[in-house]
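This report refers to the structure that appears directly beneath it.
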Amino acid sequence: MKLAKVEGKTDLEKQYYMGLAHYRLSEIEQAQTQFQAVAEAKDPTLSPSALFYVGVIQFSQEKYEDAKKAFEGVIDTSQDPKLDDQAEQYLDRIASAIQFQKLRENKWTLTGTLGLMYDSNVLLSPDNQSDQGEDTGIADFRLLTIADAEYRPIYNENHELSAKANASLTNSAKEEAAHADPFLYTFSLPYSYKGVVWKKGYKFTAKPAYEMLYMAPTEATKHLTFTSYYLSLDNTFVMSNQWFSTYSFEYRLDDSRETSSTGPNDADSTRYALRASQMLFLDKSKKEAMLGNFGYVLNAAKGDNKNYGRIELGATYVRPVRWNASWNLGLSLYQLTYPNAEENSTDFNTTLSTGITKPIREW
Numbered sequence: 001m002k003l004a005k006v007e008g009k010t011d012l013e014k015q016y017y018m019g020l021a022h023y024r025l026s027e028i029e030q031a032q033t034q035f036q037a038v039a040e041a042k043d044p045t046l047s048p049s050a051l052f053y054v055g056v057i058q059f060s061q062e063k064y065e066d067a068k069k070a071f072e073g074v075i076d077t078s079q080d081p082k083l084d085d086q087a088e089q090y091l092d093r094i095a096s097a098i099q100f101q102k103l104r105e106n107k108w109t110l111t112g113t114l115g116l117m118y119d120s121n122v123l124l125s126p127d128n129q130s131d132q133g134e135d136t137g138i139a140d141f142r143l144l145t146i147a148d149a150e151y152r153p154i155y156n157e158n159h160e161l162s163a164k165a166n167a168s169l170t171n172s173a174k175e176e177a178a179h180a181d182p183f184l185y186t187f188s189l190p191y192s193y194k195g196v197v198w199k200k201g202y203k204f205t206a207k208p209a210y211e212m213l214y215m216a217p218t219e220a221t222k223h224l225t226f227t228s229y230y231l232s233l234d235n236t237f238v239m240s241n242q243w244f245s246t247y248s249f250e251y252r253l254d255d256s257r258e259t260s261s262t263g264p265n266d267a268d269s270t271r272y273a274l275r276a277s278q279m280l281f282l283d284k285s286k287k288e289a290m291l292g293n294f295g296y297v298l299n300a301a302k303g304d305n306k307n308y309g310r311i312e313l314g315a316t317y318v319r320p321v322r323w324n325a326s327w328n329l330g331l332s333l334y335q336l337t338y339p340n341a342e343e344n345s346t347d348f349n350t351t352l353s354t355g356i357t358k359p360i361r362e363w
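Position one of the sequence shown corresponds to residue 1 (this note's numbering), numbered consecutively onward.
Put into structure tokens, the structure is as follows:
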């Protein structure tokens, strides 16, 4: 074959098939040289296919940025829908590989979130239920500030273990609403296993955690009002490239530190929660998404006035914005029933929220 006298496209075909022969013999360097030459020839038929093999080789060498450019070039120049689909699948794998590589190299992550909401009736919730509680009759704008710090000592293809600290602070604009502003601090040790179940990608996460709530429901100075130990178990299934399903169970032990938490108003409780959420990605880069969730919560409190069942429903839209940040817009609803309260009641609530999330630093 090397001695054959060929010209034009015949020569290009020769280089292409020589590249295939080297590739099948695992002679990767020689194969890449041949495929690269064909790709640079800009032939409408052979060049996209050759560029695809260049991308495959670079992907196997973990040269993800180079491979990404190759597959994007395939999509831009190919007239073969099947080849385009294969290139898109590799781009999805590259995005995941780059993210995995980044998280493996950077063991520390610090993330900040700012959110602004308008509350037509600020609720006083010293039992750590921010969207249900005693009416204050105060309408106000409220700023939500969240900081997350995470350290990942273990992060590989199948196992993840991290230590997380979270601070979630709410500040109202009006001074008369400040006593209802919760400062919540959470410490957790999530462990995750990643594998395959029923031929679908699968991730199981177990997260033990401890929460502390600081408020000033009756005093001028914030103090510890509520603590919780809990364990959450999440099961996530990759239904398709664009659809992730998560099913969760949470077991929680709550302890109220308020002197008013006695008798029928005793907020000490054992709480159980079952939730399901669906995430649909709206773009190939998986940065724009729509999330829907449904859940049921049973709060078995010592006090009958704090004993309730709750049905939850929500939807959130997320998309990237400037400066490597993401913007979210969410709508949540719940129906709350107190079956054993002194005055049997059912509450219904709707909340509209928005926020911006931005990674601050990774190292």
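Glycine is no exception: its CB is placed at the ideal position from the N, C-alpha and C atoms.
Taking buried to mean at least 16 other C-beta atoms within 10 Å of its own C-beta, is residue i buried or exposed?
i    : result
Y16  : buried
Q32  : buried
G263 : exposed
T350 : exposed
G19  : buried
K287 : exposed
M1   : The pLDDT assigned to M1 is 45, lower than 50, so where the model puts this residue is not dependable; a value taken from the coordinates is nonetheless given after this. Burial call: exposed.
K68  : buried
S269 : buried
T225 : buried
F71  : buried
I'd like the span of the beta strand (DSSP E) that includes residue i, first residue to last.
i    : result
E160 : 159 to 172
R310 : 308 to 321
R271 : 269 to 281
I146 : 140 to 155
D304 : Careful: D304 lies outside any beta strand (DSSP E) and carries neither H nor E.
V196 : 191 to 197
T262 : Careful: T262 lies outside any beta strand (DSSP E) and carries neither H nor E.
A41  : Element bounds for A41: n/a, residue is neither H nor E.
P217 : That residue, P217, is in no beta strand (DSSP E); it is neither H nor E in DSSP.
S188 : 183 to 188
Among the residues of its own chain, which have a CB less than 8 Å from the CB of residue i, if the five just before and after it don't count?
i    : result
T354 : G115, L116, M117, W327, N328, L329, G330
Q36  : A50, V54
N156 : R104
Measuring alpha carbon to alpha carbon, tell me which of the options ends up nearest residue i.
i    : options                : result
S232 : R257, K107, T205       : T205
S188 : D76, A39, L12, A167    : A167
K203 : R104, P190, Q86        : P190
E258 : A267, D304, R252       : A267
Y90  : Y272, Q58, E343        : Q58
H223 : F249, P182, Y251       : P182
N265 : A276, E342, E105       : E342
R152 : L103, S120, L124       : L103
Y214 : S192, L169, Y247, K207 : L169
W323 : D283, E29, I356        : I356
A147 : S248, L184, Y317       : L184
S96  : L83, E65, K82          : E65
Between which residues of its own chain and residue i is the CB-CB distance below 6 Å, once the five residues before and five after are set aside?
i    : result
Q335 : I311, F348
V194 : It should be noted that the sequence gives Lys, not Val, for residue 194. Only N158, K203 meet the Cβ criterion.
A149 : L110, A165
F294 : A276, L313
G73  : L51
G241 : Correcting the residue type first, residue 241 is Asn in the shown sequence and not Gly. So the list reads D92, once near-sequence residues are dropped.
R252 : S228, Y230, R271
V321 : W327
G401 : Because the chain spans 1 through 363 in this model, residue 401 falls outside it and cannot be assessed.
I98  : Y64
Taking DSSP's pairing of strands, which residues face residue i in a bridge?
i    : result
P359 : T111
S49  : S49 pairs with nothing; no bridge assigned.
M290 : L280, Y317
L25  : DSSP output for L25 lists no bridge partner at all.
L233 : A206, F249
S285 : DSSP lists no partner for S285.
Y334 : E312, N349
Apart from the five residues on each side of it in sequence, which residues of its chain come closer than 7 Å, Cβ to Cβ, to residue i?
i    : result
A41  : L12, S47
V122 : T136, I138, D140, S172, A177, A180
K200 : F237, V238, M239
H22  : Q30, A31, Q34
K358 : G112, W323, N324, A325
Y247 : N235, A276
From which residue to which residue does the alpha helix (DSSP H) around residue i run?
i    : result
K73  : Note that residue 73 corresponds to Gly in the displayed sequence, not to Lys. Taken as a continuous stretch (DSSP letters only), the alpha helix (DSSP H) holding G73 covers 64 to 77.
L91  : 81 to 105
V122 : Looking at the DSSP string, V122 is not in any alpha helix (DSSP H), and its letter there is neither H nor E.
A341 : Premise fails: A341 is in no alpha helix (DSSP H) and is neither H nor E.
Report yes if the C-beta of residue i is less than 8 Å from at least one heavy atom of the ligand SAH; otherwise report no.
i    : result
Y251 : With respect to the ligand SAH, the structure shown offers nothing to examine, as it has no ligands at all.
Would residue i pass as an interface residue toward chain E - the criterion being a Cβ-Cβ separation below 9 Å?
i    : result
Y191 : Looking at the structure shown, chain E is missing, and only one protein chain is on hand.
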